[in-house]
Every structure is written in structure tokens, then in C-alpha cells.
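Numbering (my numbering), first residue to last: 14 to 241. The beta-carbon is built from N, C-alpha and C at its ideal position, and this holds for glycine as well. The structure displayed is predicted, hence computed values, not measured ones.
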């Protein structure tokens, strides 16, 4: 068990971020971010918002969002769901089930009518083969990856998963013209000379500030300076 709010606040302050900067990055209003740090969950509209905002806030700081959701669930569960909400949810689910059954029955009736029509008008000399054309599934999209390409004489690079405390994925000099590929979508990078490195994430170019000994957090939605 750990302090949800305090750990979020500590991670934010260690990265030198204020609530307005996090609000801009996550699109979550500052008053809700403050409520998460204070563990004043009643300020948020519902448990769904609490879990979604916890996950987004934690991941924006390079933390494990699912860990925070699981900790919240284990400590608070569904305490914020009162009985009228449960009754409304059950009524809503039953209404959805009825709609699904009606749609399924309508589909069965349509297929039956088509089969009868085909049998009636298809002629006895041309029996149906019963072959139904199939469609091929769309190929799965390739998983996201981080691509590092050395420029000029290259530079030393360190890559960690998610944050500066994450698992080390690469510690090496990326020479000019060579390429390193790492699967994933959230990384903490240390780059000795940012001008000597080109970075792309999931096929999109990542713009690095021009400085030495750069530490930066790279995600699919943003690039931000990070602590050591």
C-alpha cells in the first residue's frame, strides 16, 4: 500500500512541474489534479473519472497508471456507488440486453426469409452450393517503437522504460548512421549531445531541445524535460 496523492505530488515536484503544466499536458482541470493529490475523490464526478484521471496523471509523470488504478480500487472499491446508481445501472443493462435480443431476432428473421426466397426462386436444377464468401481480417497494426539514429559522430544515449527509475533498455553510443530500435511508447532518455541524435516514436519525429546532457520524457503525445 502506498500514498496515492503524496506519490503523485512528489513525482510532479521532482520533475519541476506545476499543476498548470500538468493540466496542459493531460487536459485534466487543475482542480481535479489537486483533488487527486489530496485524495479528495468526492470532488470528481464519478468513480470512472477518478480511475481515468488517476491513470492519465500517473502516466504523464512516467509512472505506472494501472498500479494507481489498482491501488485505488483495492482501498476504495465501489464505495462511491450508492444504491440508486446501482439500480439505474441494472435497469440500463437490462434494457441493453433486450435491444441485443431484438436485433438478433430481426437478423435471424431476415436470414430465414432470404433462404426461403433463394429456395423458392432458385430453381430445382441449380441447387445452392451453400458457399458463403468470406472476408479477410485487416492486418494488425505494427506495435509502436522508439527509433534512434546517430548523426555525425553520434552520441552516448541511455534509455529507460517510463521514467528515470524504470528498467534500463539501452546504454550505448549510437554512432553516426547507425539505428537503434526499441519497442514501446513511453521512455525516459538521457542524451549527451542532442544535436547528434534523431529520434522518432511510432513513426513520428520527436524534437529534442538543443543542449548537452539532456534528460527528457518521451510519449506519443508529448515530450517534456525530466529529472535525473
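(1) In the DSSP assignment, what residue or residues form a beta bridge with residue 218?
(2) Quick one: give me the first and last residue of the alpha helix (DSSP H) that residue 72 is part of.
(3) Would residue 235 be called buried (16 or more neighbouring beta carbons within 10 Å of its own) or exposed?
(4) With three or more beta-carbon pairs closer than 8 Å as the criterion, would you say the segment 119-131 touches the segment 165-181?
(5) Looking only at its chain, what residues have a beta carbon closer than 7 Å to the beta carbon of residue 195, apart from the 5 residues adjacent to it on each side?
(6) Would you report the Cα separation of residue 34 and residue 150, rounded to the nearest angstrom?
(7) Grouping DSSP H, G and I as helix and E and B as strand, with all else coil, what is residue 164?
(8) So, under 8 Å CB-CB, residue 47 and residue 32 are touching, yes? Tell me the CB distance rounded to an integer number of Å.
(9) For residue 30, which three-state DSSP category applies?
(10) Would you check if the distance between the CB atom of residue 70 and the CB atom of residue 26 is smaller than 8 Å?
(11) Would you mind stating whether residue 205 and residue 72 have Cβ atoms separated by less than 8 Å?
(12) Can you find the residues in the same chain that come closer than 6 Å, C-beta to C-beta, to residue 176, ignoring five residues on each side of it along the sequence?
(13) Hey, residue 66 and residue 80 are a contact pair by Cβ (cut 8 Å); roughly how many whole angstroms apart?
(14) Pull up the distance between the alpha-carbon of residue 224 and that of residue 19, whole angstroms please.
(15) Expressed to the nearest angstrom, what Euclidean distance is found between the alpha-carbon atoms of residue 52 and residue 180?
(16) So, at 6 Å on beta carbons, what are the nonlocal neighbours of residue 162 in its own chain, with the 5 sequence-adjacent residues on each side left out?
(17) Who pairs with residue 201 in a beta bridge, going by DSSP?
(18) With distances taken between CB atoms, is the gap from residue 231 to residue 214 smaller than 8 Å?
(19) Below 6 Å CB to CB, which residues in the same chain sit around residue 54 once its five sequence neighbours on both sides are set aside?
(20) Taking the alpha carbon of residue 88 as the reference point, which residue from 114, 77, 60 has its own alpha carbon closest?
(21) Spatial neighbours of residue 24 within its chain, please: CB distance less than 7 Å, with the 5 preceding and 5 following residues excluded, ordered by chain position.
(22) To which residues does DSSP link residue 189 through a beta bridge?
A quick look at the data gives this:
(1) As a position in the chain shown, residue 218 is number 205, starting the count at 1. Residue 218 pairs with 213.
(2) Translated into the one-based positions of the chain shown, residue 72 becomes position 59. Note, residue 72: alpha helix (DSSP H), 60-73.
(3) In the chain shown, counting from the first residue as 1, residue 235 sits at position 222. Exposed, because fewer than 16 other Cβ atoms sit within 10 Å of the Cβ of residue 235.
(4) no
(5) By one-based count along the chain shown, residue 195 stands at place 182. Once the five neighbours on either side are set aside, the close Cβ partners of residue 195 are 158, 159, 172, 182, 183.
(6) For the purposes of this step, residue 34 is taken as the residue at position 21 of the chain shown. For the purposes of this step, residue 150 is taken as the residue at position 137 of the chain shown. Their Cα atoms are separated by approximately 42 Å.
(7) Counted from its first residue, the chain shown places residue 164 at position 151. Coil.
(8) Residue numbering aside, residue 47 sits at position 34 when the chain shown is read from its first letter. Residue numbering aside, residue 32 sits at position 19 when the chain shown is read from its first letter. With 8 Å as the limit, residue 47 and residue 32 qualify as a contact, their Cβ atoms being about 6 Å apart.
(9) Along the chain shown, one-based indexing puts residue 30 at 17. Coil.
(10) Against the chain shown, residue 70 aligns to sequence position 57. Against the chain shown, residue 26 aligns to sequence position 13. No, the pair does not count as a contact, with Cβ atoms beyond the cut-off.
(11) Indexing the chain shown from 1 puts residue 205 at position 192. Indexing the chain shown from 1 puts residue 72 at position 59. No, these two residues do not count as a Cβ contact at 8 Å.
(12) Residue mapping note: residue 176 aligns to position 163 of the chain shown, counting from 1. Around residue 176: 75, 201.
(13) Translated into positions along the chain shown, residue 66 becomes position 53. Translated into positions along the chain shown, residue 80 becomes position 67. No, residue 66 and residue 80 are not in contact; Cβ-Cβ is about 15 Å, not under 8 Å.
(14) Position 211 of the chain shown, counting from 1, holds the residue named residue 224. Position 6 of the chain shown, counting from 1, holds the residue named residue 19. Rounded to the nearest angstrom, the two C-alpha atoms are 32 Å apart.
(15) Counting from 1 along the chain shown, the entry for residue 52 is found at position 39. Counting from 1 along the chain shown, the entry for residue 180 is found at position 167. C-alpha separation (whole angstroms): 29 Å.
(16) Counted from its first residue, the chain shown places residue 162 at position 149. Hits under 6 Å: 192, 211.
(17) As a working mapping, residue 201 is identified with position 188 in the chain shown. Answer by DSSP bridge pairing, in chain order: 173, 230.
(18) Here residue 231 is taken as the residue at index 218 of the chain shown, counted from 1. Here residue 214 is taken as the residue at index 201 of the chain shown, counted from 1. Taking 8 Å as the Cβ cut-off, residue 231 and residue 214 qualify as a contacting pair.
(19) Your numbering for residue 54 matches position 41 in the chain shown. Once the five neighbours on either side are set aside, the close Cβ partners of residue 54 are 63.
(20) As a working note, residue 88 is residue 75 in the chain shown. The residue with the shortest Cα to Cα distance from residue 88 is 60.
(21) Your numbering for residue 24 matches position 11 in the chain shown. Within the same chain, residue 24 has close Cβ partners 74, 76.
(22) As a first step, residue 189 must be located in the chain shown, where it is residue number 176. Its beta-bridge partners are 163.
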